[in-house]
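K.L.:
Protein chains in written order, with the working numbering: chain F, 1 to 447; chain A, 1001 to 1523.
Note that CB positions come from ideal geometry on N, CA and C, so glycine has one too.
Right, I'll just put the structure down here and ask away after.
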Amino acid sequence: MRYLPHTDQDRADMLRAIGAASIDELFRDVPDGKLLKSPPDLPGHRSEFEVGRQMRALAGKNRAAGEGPFFLGAGAYHHHVPASVDHIIQRSEFLTSYTPYQPEISQGTLQTLFEFQTQICELTGMEVANASMYDGSTATAEAVLMACRVTRRDKAILSGGLHPQYREVVETLASMEDDESLSLPPDPAGTEDILSRIDDETACVVVQSPSFYGHLIDLAPLAERCREKGALLVAVFTEVVSLGLIEPPGAEGADIVVGEGQSLGNALNFGGPYVGLFATKQKYIRQMPGRLCGETRDRDGKRGFVLTLNTREQHIRRDKATSNICTNSGLCALAFTAHMTLLGAKGLSALARANHARACRLADRLAKVAGVELLNEAFFNEFTVRLPGNAAEIVERLAAEGIVAGLPVSRLEPQKDLDDLLVVCATETASEEDIEAFGAALERAVA
Amino acid sequence: MSGDLLHPIAAMKPKRETFTGNHALAIEEPLLFEIGRADISGVDVEEPEDFAPRLGGHERKAALDLPALSEPEAMRHYVRLSQKNYAIDMGIYPLGSCTMKHNPRLNEQMARLPGFADIHPLQPVSTVQGALELIHECGRYLITLTGMASVAMSPKAGAHGELCGMMAIKAALKARGEDRRVVLVPESAHGTNPATAALLGFKVVTVRAGPDGTVSAEAVREVANAHEGEVAAIMLTNPNTCGLFEPQICEIADVVHAAGGYFYCDGANLNAILAKVRPGDLGVDAMHINLHKTFSTPHGGGGPGAGPTVLSEALAPYAPLPLIASTEEGYRLVETEGAAEAEAPFGRMTAFHGQMGMFVRAFAWMLSHGADGMQKVAEDAVLNANYVRAGLADLMSLPFPDHPSMHEVLFDDDFLEGTGISTLDFAKAMIDEGFHPMTVYFPLVVSGAMLIEPTESESRASLDLFVAALRDLIFAARRGESERFENAPRFAPRRRLDETSAARKPVLRWERPEPEEQAEAAE
Chain F
1 MRYLPHTDQD RADMLRAIGA ASIDELFRDV PDGKLLKSPP DLPGHRSEFE
51 VGRQMRALAG KNRAAGEGPF FLGAGAYHHH VPASVDHIIQ RSEFLTSYTP
101 YQPEISQGTL QTLFEFQTQI CELTGMEVAN ASMYDGSTAT AEAVLMACRV
151 TRRDKAILSG GLHPQYREVV ETLASMEDDE SLSLPPDPAG TEDILSRIDD
201 ETACVVVQSP SFYGHLIDLA PLAERCREKG ALLVAVFTEV VSLGLIEPPG
251 AEGADIVVGE GQSLGNALNF GGPYVGLFAT KQKYIRQMPG RLCGETRDRD
301 GKRGFVLTLN TREQHIRRDK ATSNICTNSG LCALAFTAHM TLLGAKGLSA
351 LARANHARAC RLADRLAKVA GVELLNEAFF NEFTVRLPGN AAEIVERLAA
401 EGIVAGLPVS RLEPQKDLDD LLVVCATETA SEEDIEAFGA ALERAVA
Chain A
1001 MSGDLLHPIA AMKPKRETFT GNHALAIEEP LLFEIGRADI SGVDVEEPED
1051 FAPRLGGHER KAALDLPALS EPEAMRHYVR LSQKNYAIDM GIYPLGSCTM
1101 KHNPRLNEQM ARLPGFADIH PLQPVSTVQG ALELIHECGR YLITLTGMAS
1151 VAMSPKAGAH GELCGMMAIK AALKARGEDR RVVLVPESAH GTNPATAALL
1201 GFKVVTVRAG PDGTVSAEAV REVANAHEGE VAAIMLTNPN TCGLFEPQIC
1251 EIADVVHAAG GYFYCDGANL NAILAKVRPG DLGVDAMHIN LHKTFSTPHG
1301 GGGPGAGPTV LSEALAPYAP LPLIASTEEG YRLVETEGAA EAEAPFGRMT
1351 AFHGQMGMFV RAFAWMLSHG ADGMQKVAED AVLNANYVRA GLADLMSLPF
1401 PDHPSMHEVL FDDDFLEGTG ISTLDFAKAM IDEGFHPMTV YFPLVVSGAM
1451 LIEPTESESR ASLDLFVAAL RDLIFAARRG ESERFENAPR FAPRRRLDET
1501 SAARKPVLRW ERPEPEEQAE AAE
């Protein structure tokens, strides 16, 4: 077996050194009859070539985003990632190291985390950011728990513009924690009234902008009402590239900003691994979940970095911890920060403009299709259209033509009379030809 | 003069033996914000032709302060930083309870196939049949290896898998119409266990381990009886965090079941018993599996991981969304509660379907090893830990000598008594010898714990060198060569770091210096 260095002779010699007659003597604490006599009923070992062939066969049954016109977003985005990013994250020293518990020999990971935290603060307009969460949805749930701790209240109001699966993750955790969550109905028009629902018992309001349906939400009035009522505003985003062009939630008064960072540095990966972003105000740092990297000095006075404020965390505080999170998304955060470093403000702004321009172009093209109605006045790279027919069926028809047309809302929100709604997205990867192909195919499909 | 205002440590001028501060291949690297520039970019993005933006007045007002590096500068920045990290590809990484094993590169290559990496979680199901098949097959392997009824694939890491298992238990209790609140947790448990239980509103009651480092069924019975009718579950790690197989595990399962509770097993140490013992045969109801430990997906400096959670018949109906079913027409994906048929999912742990990138790597690892290779993995892991134990037992102190170690061996700090050297000093001295230290001060049940997990990836020669180096350090400690320990590490990219001041006055982000500070720094 190519991954195991011992020969049978090594094994025999080592057993002799240990003083054991057989390997199973070392398993003698296993209760009688529970030690398997033979390996489980699975195939035997295979060569690298054979495994590669089997895996490629599976991969070949999937339609990759780059294979043709692709207009699906809804929480995961198809962007170009520079080749150098993948090289950086495949450096053995980053790829095959553990959580930096021994800082003297982990400065590489620690310094990149410090840089990552700084970039997240700047992007979101917040004062502190942690070293990553699993993904945007779990970061949102952690934000709600944190808001409940800070306010000592237990009611969360979830906007109808929040990604439906994010909402479900929050609802699941809230129900298990015996917290309350009030989920507003889906808001494809972007017109819901949250303001009047914020009261003295509200722990937090969770609002996504751009919303699941693509609307850009005015956060400032919500932040103001939250402040009056002693609640926190949790601002969520799923498309981090939008922050290159639109006002950051921190500038509008959000108390906690969480989001999905997949768009930068990370492939679609069928939903994971991704990287959850989590930022808040300085005054709440001791209530934050997750790891934090901080600056310090070594014995020679040289600058260095360490994991800090560990007393919030499970390995120290156990049942009093702010979260149970341990392993997070270190390498995905590195991919994010490397991509962000290559872009810089200049590149990110240009990338955001390119996305917005493609989406505007797509909106114009789809609006020309008879019977198609655009629901958004303002949007970033994603918007919702009402189709003259069942969106799921139309998406299937276009898929058969090699076009991934977007997300039929009914897939995530069944039985809510939203069957004619389609959420579509255009990133910088959508060419003029792709957009025309989509428009023309849609015309045929609804004719 | 302004130096007086600085923190005493900051005012100390680092000793500089070269003009640059570099030492040949050891190159100092500034923060990206100190070398990056606002007016360049390492990515060429085509500026769109004139178009009318539709941002509805939401345009960013303040300029972004995010400096960039060109591609060659970025490569140097990150490569230099990478060289300040220890890694499994450089040497033994014996962190107990972390299972730092070799990460095969085939798996990296497979995870980057466009058919896996470049597919969207919400594509039409007809266009991702291969992905669903892979998840389903990966799950079937995990079920077969553990002897359990079903698996929830979506949890994102070990602690998330614990949460999943405990949520399934909570849902099952609710379905029984019972509101049980007590969770039994041995004192040697990972910190995530009590944190998870507390997160779900359970009351954590500690079970004491016996003098031999294992938990007795009698101790569990006593605590369970004291909380009659309230016991929701026990959270037990097996092999436990002292590296021992719990000999009374089946009796403990019986006691908990008789008390009306469920058995959550922390699967962090599965590597010791992979394809040797099936947790399902031991009475386990739920167990998370760290794909980033046992199944070798790379740890990446702190993730990403994956924590699929296997469930018994009793808990299987409550598995969270999504569910993947194999039907005659192909693989079906159940994403909403309404679409579930026989099942009663307790909800959803995460958006989408879990850590696909990790499933691909773990599945390739399982295919490569096969059933026979996986059994060898557990055997070699246990062999290696016991070989290290045999090589050090005469000089170091074993708190629990009566049981064989499984995949990791636990020592305490008795052997350092009278030397003035602490477990931490000893660990830092190992860094100077070119090793990553073992896990220290965990588990909490022994004084100055040192938990060594070599994994199956280490050759005999690697273990021999490791043991010889530790023996040399122990003799140095006995001879009173304390400077080798107290000043360690001497040769690492950094000496010991001041963690106390880092926590007292946290600096968690870089701030652009005020203009006058900049002028000062230039002097």
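Between A/Glu-1313 and A/Tyr-1262, what straight-line distance do the alpha-carbon atoms span, to the nearest angstrom?
P.N.:
Within the second sequence, residue 1313 of chain A is the residue found at index 313, counting from 1. Within the second sequence, residue 1262 of chain A is the residue found at index 262, counting from 1. Roughly 12 Å separates the two Cα atoms.
K.L.:
Can you pull the chain F residues whose beta carbon is under 8 Å from the beta carbon of A/Thr-1127, in chain order?
P.N.:
Here residue 1127 of chain A refers to the residue found at position 127 when the second sequence is read from its first residue. Under the 8 Å cutoff, chain F gives Asn-62, Arg-63, Ala-399 and Val-404.
K.L.:
Select from A/Glu-1137, A/Glu-1453, A/Ala-1306 and A/Tyr-1264 the residue whose C-alpha is nearest the C-alpha of A/Leu-1291.
P.N.:
Along the second sequence, one-based indexing puts residue 1291 of chain A at 291. Cα-wise, what sits closest to A/Leu-1291 is A/Ala-1306.
K.L.:
Can you give me the Cβ contacts of A/Glu-1335 inside the same chain, cut-off strictly under 8 Å, excluding the 5 residues immediately before and after it?
P.N.:
Here residue 1335 of chain A refers to the residue found at position 335 of the second sequence. These residues qualify, in order along the chain: Leu-1321 and Pro-1322.
K.L.:
Here's a check: name, in chain order, each residue in its chain whose Cβ is nearer than 7 Å to the Cβ of A/Val-1382, leaving out the five neighbours to either side.
P.N.:
In the second sequence, the residue the question calls residue 1382 of chain A occupies position 382. So the qualifying residues of the chain are Ala-1272, Met-1406 and His-1407.
K.L.:
If you measure beta-carbon to beta-carbon, which residues of the segment 1481–1495 of chain A are closer than 7 Å to chain F?
P.N.:
Answer set for the segment 1481–1495 of chain A: Pro-1489, Ala-1492, Pro-1493, Arg-1494 and Arg-1495.
K.L.:
Given a limit of 8 Å on CB to CB distance, which residues of the segment 71–98 of chain F reach chain A?
P.N.:
Residues Leu-72, Ala-74, Gly-75, Ala-76, His-78, Pro-82, Ser-84, Asp-86, His-87, Ile-88, Ile-89, Gln-90, Arg-91, Ser-92, Glu-93, Phe-94, Leu-95, Thr-96, Ser-97 and Tyr-98.
K.L.:
Residues of chain F with a CB under 8 Å from the CB of A/Asp-1039: which are they?
P.N.:
Position 39 of the second sequence holds residue 1039 of chain A. Lys-346, listed in chain order.
K.L.:
Any beta-carbon of chain F closer than 8 Å to the one on A/Ala-1117?
P.N.:
Here the question's residue 1117 of chain A lines up with position 117 in the second sequence. It does: the Cβ of A/Ala-1117 has a partner Cβ on chain F nearer than 8 Å.
K.L.:
Among F/Gly-265, F/Arg-312 and F/Thr-140, which residue has its Cα nearest to the Cα of F/Val-206?
P.N.:
As a working mapping, residue 206 of chain F is identified with position 206 in the first sequence. Among F/Gly-265, F/Arg-312 and F/Thr-140, the Cα nearest to that of F/Val-206 is on F/Thr-140.
K.L.:
How far does the alpha helix (DSSP H) with A/Leu-1497 in it reach, from first residue to last?
P.N.:
Translated into the one-based positions of the second sequence, residue 1497 of chain A becomes position 497. That residue, A/Leu-1497, is in no alpha helix (DSSP H); it is neither H nor E in DSSP.
K.L.:
Between F/Thr-384, F/Ile-198, F/Asn-310 and F/Thr-112, which has its C-alpha nearest F/Arg-225's C-alpha?
P.N.:
On the first sequence, position 225 is the one that residue 225 of chain F refers to. Ranking the options by Cα distance to F/Arg-225, first place goes to F/Ile-198.
K.L.:
What does F/Gln-107 touch in chain A if you count any residue whose Cβ is under 8 Å from its own?
P.N.:
Numbered from its first residue, the first sequence carries residue 107 of chain F at position 107. Correct list: Leu-1081, Lys-1084, Asn-1085, Pro-1493 and Arg-1494.
K.L.:
Could you name the residues of the segment 145–172 of chain F whose beta carbon sits closer than 7 Å to any beta carbon of chain A, in the order they occur along the chain?
P.N.:
Residues passing the 7 Å Cβ filter: His-163, Gln-165, Tyr-166, Glu-168, Val-169, Glu-171 and Thr-172.
K.L.:
Using a Cβ-Cβ distance under 8 Å, would A/Gly-1303 count as near chain C?
P.N.:
In summary, chain C is missing from the structure at hand, where the protein chains are F and A.
K.L.:
Quick one: give me the first and last residue of the beta strand (DSSP E) that F/Phe-70 is part of.
P.N.:
Reading the first sequence from its first residue, position 70 is the one you call residue 70 of chain F. Run containing F/Phe-70: none; DSSP gives neither H nor E here.
K.L.:
Is the CB of F/Ile-435 under 8 Å away from at least one CB in chain A?
P.N.:
Residue numbering aside, residue 435 of chain F sits at position 435 when the first sequence is read from its first letter. So no, F/Ile-435 is outside the interface.
K.L.:
Can you tell which of A/Leu-1398, A/Val-1310 and A/Glu-1028 has its C-alpha closest to the C-alpha of A/His-1160?
P.N.:
As a first step, residue 1160 of chain A must be located in the second sequence, where it is residue number 160. The candidate whose alpha carbon is nearest that of A/His-1160 is A/Val-1310.
K.L.:
By the 10 Å Cβ neighbour count, where 16 or more other Cβ atoms means buried, how is A/Lys-1101 classified, buried or exposed?
P.N.:
Working through the second sequence from its first residue, we reach residue 1101 of chain A at position 101. A/Lys-1101 should be labelled buried.
K.L.:
Between which two residues does the beta strand (DSSP E) containing A/Gly-1100 stretch?
P.N.:
Indexing the second sequence from 1 puts residue 1100 of chain A at position 100. Checking the displayed sequence, the identity of residue 1100 of chain A turns out to be Met instead of Gly. Per DSSP, A/Met-1100 belongs to no beta strand (DSSP E) and is neither H nor E.
K.L.:
Given this structure, state the Cα-to-Cα distance separating A/Met-1366 from F/Phe-380, to the nearest angstrom.
P.N.:
To locate residue 1366 of chain A, count along the second sequence from 1; it is residue 366. To locate residue 380 of chain F, count along the first sequence from 1; it is residue 380. A/Met-1366 and F/Phe-380: Cα-Cα distance of roughly 43 Å.
K.L.:
Is the CB of A/Cys-1138 under 8 Å away from at least one CB in chain F?
P.N.:
Start at 1 with the first residue of the second sequence, and residue 1138 of chain A comes out as number 138. Not closer than 8 Å to any Cβ of chain F, the Cβ of A/Cys-1138 fails to qualify, so no.
K.L.:
Does DSSP put A/Lys-1505 in a helix, in a strand, or in coil?
P.N.:
For the purposes of this step, residue 1505 of chain A is taken as residue 505 along the second sequence, with counting starting at 1. If DSSP states are grouped into helix, strand and coil, A/Lys-1505 belongs with coil.
K.L.:
Please go through the segment 232–312 of chain F and give each complete beta strand (DSSP E) segment of 3 or more residues, from N-terminal end onward.
P.N.:
Those beta strand (DSSP E) runs which fall completely within the segment 232–312 of chain F and span 3+ residues are 232–237, 256–260, 276–280, 292–297 and 303–308.
K.L.:
Looking only at C-alpha atoms, which of A/Glu-1481, A/Glu-1049, A/Gly-1354 and A/Phe-1051 sits nearest to A/Cys-1138?
P.N.:
Numbered from 1 along the second sequence, position 138 holds the residue referred to as residue 1138 of chain A. It is A/Gly-1354.
K.L.:
Output yes if chain F places a C-beta closer than 8 Å to the C-beta of A/Cys-1098; else output no.
P.N.:
If you number the second sequence from 1, residue 1098 of chain A lands on position 98. Yes, A/Cys-1098 lies at the interface with chain F (some Cβ there is under 8 Å from its Cβ).
K.L.:
By the criterion of Cβ-Cβ separation under 9 Å, what are the contact partners of F/Ser-137 in chain A?
P.N.:
In the first sequence, counting from the first residue as 1, residue 137 of chain F sits at position 137. The answer, in chain order, is Arg-1348, Met-1349, Thr-1350, Ala-1351 and Phe-1352.
K.L.:
Answer with yes or no whether the minimum CB distance from F/Lys-34 to chain A is below 8 Å.
P.N.:
Indexing the first sequence from 1 puts residue 34 of chain F at position 34. Chain A, which has a Cβ nearer than 8 Å to the Cβ of F/Lys-34, makes this yes.
K.L.:
Answer yes if the segment 252–267 of chain F comes into contact with the segment 334–352 of chain F, meaning at least three C-beta pairs across the two stretches below 8 Å, and no otherwise.
P.N.:
Cβ pair count under 8 Å is three or more, so yes.
K.L.:
Enumerate in chain order the residues of its own chain whose CB-to-CB distance from A/Arg-1208 is below 7 Å, with the five nearest sequence positions on each side excluded.
P.N.:
For the purposes of this step, residue 1208 of chain A is taken as residue 208 along the second sequence, with counting starting at 1. Glu-1187 and Ala-1219, listed in sequence order.
K.L.:
Please report the Cβ distance between F/Glu-115 and F/Cys-121, rounded to the nearest whole angstrom; I am assuming they are in contact, meaning their Cβ atoms lie under 8 Å.
P.N.:
Reading the first sequence from its first residue, position 115 is the one you call residue 115 of chain F. Reading the first sequence from its first residue, position 121 is the one you call residue 121 of chain F. With a Cβ gap of about 11 Å, F/Glu-115 and F/Cys-121 do not count as contacting.
K.L.:
Against chain A, which members of the segment 330–342 of chain F pass a CB distance test of less than 9 Å?
P.N.:
The residues in question are Gly-330, Leu-331, Cys-332, Ala-333, Leu-334, Thr-337, Ala-338, His-339, Met-340, Thr-341 and Leu-342.
K.L.:
Quick check: is the beta carbon of F/Phe-270 nearer than 8 Å to any beta carbon in chain A?
P.N.:
Stepping through the first sequence from its first residue, residue 270 of chain F is reached at position 270. Chain A contact via Cβ: present.
K.L.:
Please tell me whether F/Leu-442 has its Cβ less than 8 Å away from any Cβ of chain A.
P.N.:
In the first sequence, residue 442 of chain F corresponds to position 442, counting from 1. Not closer than 8 Å to any Cβ of chain A, the Cβ of F/Leu-442 fails to qualify, so no.
K.L.:
Among A/Ala-1268, A/Gly-1213 and A/Ala-1062, which has the Cα closest to the Cα of A/Pro-1247?
P.N.:
In the second sequence, counting from the first residue as 1, residue 1247 of chain A sits at position 247. Nearest of A/Ala-1268, A/Gly-1213 and A/Ala-1062 to A/Pro-1247, Cα basis: A/Gly-1213.
K.L.:
So the beta strand (DSSP E) F/Glu-526 belongs to, where does it begin and stop?
P.N.:
Residue 526 of chain F lies beyond the range of chain F shown here (1 to 447); nothing can be said about it.
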